[in-house]
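Q: Chains A and B, in that order, are what the protein sequence lines are. If you read the first sequence in the numbering used here, its first letter stands for residue 1, the second for the next number, and so on. If you read the second sequence in the numbering used here, its first letter stands for residue 1001, the second for the next number, and so on. C-beta atoms are modelled at their ideal positions from N, C-alpha and C, and glycine is treated no differently. Keep in mind the model is a prediction, meaning the values are calculated, not measured.
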Amino acid sequence: MHLPPQLFYWGAEPPQAPPVPPPLDTVVIGVANEELEQEESEHQRLLGPANGRTPDKPMYGDGGDRHPKLPKKGDEQSVLDEILHNTANNIIDVAALESRRMEQQEYLDRARQYGSRVNNLVPSTSRLQSHMLQLHNGTSMPYSVLAAEPIPLHDINLITHTAEKMWNACEGIRVNHKEDLVVNFEIPDN
Amino acid sequence: MAQNVKKDLWNLMQMIEGLEAVIIADRDGVPIIKVSSEVVPDASTRPAFLATFATAAGQASKLGLSKNKSIICSFHSYQVVHFNKSPVYISLVATRDANTGLLLGLEPELENLVALVGHTIQTE
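#1: Let me know the secondary structure DSSP gives Ile1033 (chain B) once reduced to three states.
#2: Going by C-alpha distance, which of B:Ser1066, B:Gly1064, B:Asp1097 is nearest His1076 (chain B)?
#3: As a quick exercise: from B:Ser1091, B:Gln1079, B:Glu1020, pick the residue whose alpha carbon is nearest that of Lys1069 (chain B).
#4: Just checking my contact of Ile1016 (chain B) with Leu1103 (chain B) at CB under 8 Å: how many whole Å lie between their CB atoms?
#5: Is the beta carbon of Ala1021 (chain B) sitting closer than 9 Å to the one on Thr1052 (chain B)?
#6: Can you say whether Ser86 (chain A) is buried or exposed, counting buried as having 16 or more other CB atoms within 10 angstroms of its CB?
#7: Would you mind sorting Tyr147 (chain A) into buried or exposed? The rule is 16 or more other CB atoms within 10 Å of its CB.
#8: In chain A, which residues lie less than 7 Å from Gln1079 (chain B) when you measure between Cβ atoms?
#9: Do Ile1071 (chain B) and Thr1100 (chain B) have their beta-carbon atoms positioned less than 9 Å apart in this structure?
#10: Enumerated in chain order, which unbroken segments of the beta strand (DSSP E) with a length of 3 residues or greater are wholly contained in the region 1038 to 1100 of chain B?
#11: Under 9 Å, do Tyr1078 (chain B) and Ala1057 (chain B) count as touching if we go by C-beta distance?
#12: In its own chain, which residues sit with a C-beta less than 7 Å from the C-beta of Tyr1039 (chain B), not counting the 5 before and 5 after it?
#13: Identify which residue in B:Leu1113, B:Glu1109, B:Glu1107, B:Ala1094 has its Cα closest to the Cα of Gly1018 (chain B).
#14: Let me know if Ser1036 (chain B) comes out buried or exposed under the rule of 16 or more other beta-carbons within 10 Å of its beta-carbon.
#15: Since Val1022 (chain B) is in the beta strand (DSSP E), which residue starts that stretch and which ends it?
#16: Helix, strand or coil, according to DSSP, for Asp180 (chain A) in the structure here?
#17: Distance, Cα to Cα, Lys1085 (chain B) vs Lys1034 (chain B)?
#18: Using a Cβ cut-off of 9 Å (strictly closer), state whether Val1030 (chain B) contacts chain A.
#19: Starting from Val94 (chain A), find everything on chain B with Cβ-Cβ shorter than 9 Å and list it in chain order.
#20: Between Ser144 (chain A) and Asp155 (chain A), what straight-line distance do the alpha-carbon atoms span, to the nearest angstrom?
#21: Count the other CB atoms, across all protein chains shown, that sit within 10 Å of the CB of Ile1032 (chain B); report buried if there are 16 or more and exposed otherwise.
#22: Ala111 (chain A) versus chain B: which residues are under 7 Å apart at the beta carbon?
#23: State yes or no: is the C-beta of Val1005 (chain B) within less than 9 Å of the C-beta of Ala111 (chain A)?
#24: Am I right that Lys1002 (chain B) and Asn119 (chain A) are in contact with their C-beta atoms under 8 Å? What's the rounded C-beta distance?
#25: Quick one: is Leu1063 (chain B) near chain A, going by C-beta distance under 9 Å?
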């Protein structure tokens, strides 16, 4: 079985440095295959860096690195703050919420401020565009009208045919010109 | 502008039978735009009541069902439909017999207005 060389990772270090165990995001395949082609990709990792991390930085712990890095105090504090922040965002604790009561004056001031901002925000010609179909204002209770008994089909056909006949009749109206509409009267001078 | 918007909101309220108030408020319950009829109970328009929904929406968003969009509160005589358009919150107060589906259908109607009004909060 021939495996492409880029899928195989030796994890071996140059002879000058002592061997370093591979990071946790790589897998060492111990397959003895004479057909494997060892190119310069023998140090290539199986998995690319995830989430933009550098390949040398392990995801979980230091992976038994022979050079354990002592975290700086500043990093510790920032990590702790991040953990606390994430926990506070994810935990549901209604009792811990502070019920901040606004003072009457603050409430009025803020309401007045909002009112002035809304007035200045959009010109007075702007209207609320409704996407809902507007019913005609012929009735104050459209639901009762729409929920009433439907019109009988016979009546609908009668209306339709009558309207069609009237339309055809109107189409046949012709003006038969016989006399001029404007007639000049000859009024005597005396 | 506010008067025209209130008039349009009033017309919108007339289209839904039973809808008595439309309140757009901030996180603390301070009303930005409020249109209400005379029969609306005064307690439903107070900041303490309106701010409760903002808190509840924030907590409900942590239930693992993604961000909370709306909350429907049914009472004996009234029903209140809240929409979470953070930093702005919409509250619709209606009678118990009002069509809740129609109230929920008002959300796209108020989308543009809310996007515009939301700037008043963000510019603070």
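A: Working from what's here:
#1: By one-based count along the second sequence, residue 1033 (chain B) stands at place 33. Annotated three-state conformation of Ile1033 (chain B) is strand, per DSSP.
#2: Residue mapping note: residue 1076 (chain B) aligns to position 76 of the second sequence, counting from 1. Among B:Ser1066, B:Gly1064, B:Asp1097, the Cα nearest to that of His1076 (chain B) belongs to B:Asp1097.
#3: Within the second sequence, the letter at position 69 stands for residue 1069 (chain B). It is B:Ser1091.
#4: Sequence index remark: in the second sequence, residue 1016 (chain B) carries index 16 (1-based). Sequence index remark: in the second sequence, residue 1103 (chain B) carries index 103 (1-based). With a Cβ gap of about 7 Å, Ile1016 (chain B) and Leu1103 (chain B) count as contacting.
#5: Stepping through the second sequence from its first residue, residue 1021 (chain B) is reached at position 21. Stepping through the second sequence from its first residue, residue 1052 (chain B) is reached at position 52. No, the Cβ-Cβ distance between Ala1021 (chain B) and Thr1052 (chain B) is not below 9 Å.
#6: Taking the first residue of the first sequence as 1, we reach residue 86 (chain A) at position 86. Sequence check: residue 86 (chain A) is Asn here, not Ser. By the neighbour-count rule (16 or more Cβ atoms within 10 Å), Asn86 (chain A) is not buried but exposed.
#7: Numbered from its first residue, the first sequence carries residue 147 (chain A) at position 147. First, the residue type needs correcting, since residue 147 (chain A) is Ala and not Tyr in the sequence shown. Around the C-beta of Ala147 (chain A), fewer than 16 other C-beta atoms lie within 10 Å, and the residue is accordingly described as exposed.
#8: The residue you call residue 1079 (chain B) lines up with position 79 of the second sequence. Within 7 Å of the CB of Gln1079 (chain B), no CB atom of chain A is found; the nearest one sits about 17 Å away.
#9: As a first step, residue 1100 (chain B) is located in the second sequence; it is residue number 100 there, counting from the start. As a first step, residue 1071 (chain B) is located in the second sequence; it is residue number 71 there, counting from the start. For the pair Thr1100 (chain B) and Ile1071 (chain B), the CB atoms are not nearer than the 9 Å cut-off.
#10: The qualifying runs are 1070 to 1074, 1078 to 1085, 1088 to 1095.
#11: Position 78 of the second sequence holds residue 1078 (chain B). Position 57 of the second sequence holds residue 1057 (chain B). No, the pair does not count as a contact, with Cβ atoms beyond the cut-off.
#12: Taking the first residue of the second sequence as position 1, residue 1039 (chain B) is located at position 39. The amino acid occupying residue 1039 (chain B) in the given sequence is Val; Tyr does not appear at that position. If the five residues before and after Val1039 (chain B) are omitted, its C-beta is found closer than 7 Å to the C-beta atoms of Glu1020, all from its own chain and listed in chain order.
#13: Indexing the second sequence from 1 puts residue 1018 (chain B) at position 18. The alpha carbon of Gly1018 (chain B) has as its nearest neighbour, out of B:Leu1113, B:Glu1109, B:Glu1107, B:Ala1094, the alpha carbon of B:Ala1094.
#14: Within the second sequence, the letter at position 36 stands for residue 1036 (chain B). Residue burial is scored here from C-beta neighbours: Ser1036 (chain B) has at least 16 other C-beta atoms within 10 angstroms and is therefore classed as buried.
#15: Taking the second sequence and counting its residues from 1, the one referred to as residue 1022 (chain B) is at position 22. Start and end: 1019 to 1025.
#16: Position 180 of the first sequence, counted from the start, is the residue given in the question as residue 180 (chain A). For Asp180 (chain A), the secondary structure class from DSSP, reduced to helix, strand or coil, is coil.
#17: One-based indexing of the second sequence puts residue 1085 (chain B) at position 85. One-based indexing of the second sequence puts residue 1034 (chain B) at position 34. Linking Lys1085 (chain B) to Lys1034 (chain B) through their CA atoms gives a straight-line distance of about 16 Å.
#18: Here residue 1030 (chain B) refers to the residue found at position 30 when the second sequence is read from its first residue. Chain A contact via Cβ: present.
#19: In the first sequence, the residue the question calls residue 94 (chain A) occupies position 94. Residues of chain B passing the Cβ test: Thr1055, Ala1056, Gln1059.
#20: As a working mapping, residue 144 (chain A) is identified with position 144 in the first sequence. As a working mapping, residue 155 (chain A) is identified with position 155 in the first sequence. Cα-Cα distance, rounded: 21 Å.
#21: For the purposes of this step, residue 1032 (chain B) is taken as residue 32 along the second sequence, with counting starting at 1. Under the 10 Å beta carbon count, Ile1032 (chain B) is surrounded by 16 or more other beta carbons and is classified as buried.
#22: Taking the first sequence and counting its residues from 1, the one referred to as residue 111 (chain A) is at position 111. Neighbours of Ala111 (chain A) on chain B, chain order: Val1030, Pro1031.
#23: As a working mapping, residue 1005 (chain B) is identified with position 5 in the second sequence. As a working mapping, residue 111 (chain A) is identified with position 111 in the first sequence. Their beta carbons are not under 9 Å apart, which means Val1005 (chain B) does not touch Ala111 (chain A) by this criterion.
#24: Position 2 of the second sequence holds residue 1002 (chain B). Position 119 of the first sequence holds residue 119 (chain A). The sequence shown places Ala at residue 1002 (chain B), not Lys. Yes, they are in contact, since the Cβ atoms of Ala1002 (chain B) and Asn119 (chain A) sit about 5 Å apart, within 8 Å.
#25: Stepping through the second sequence from its first residue, residue 1063 (chain B) is reached at position 63. Judged by the 9 Å Cβ criterion, Leu1063 (chain B) is in contact with chain A.
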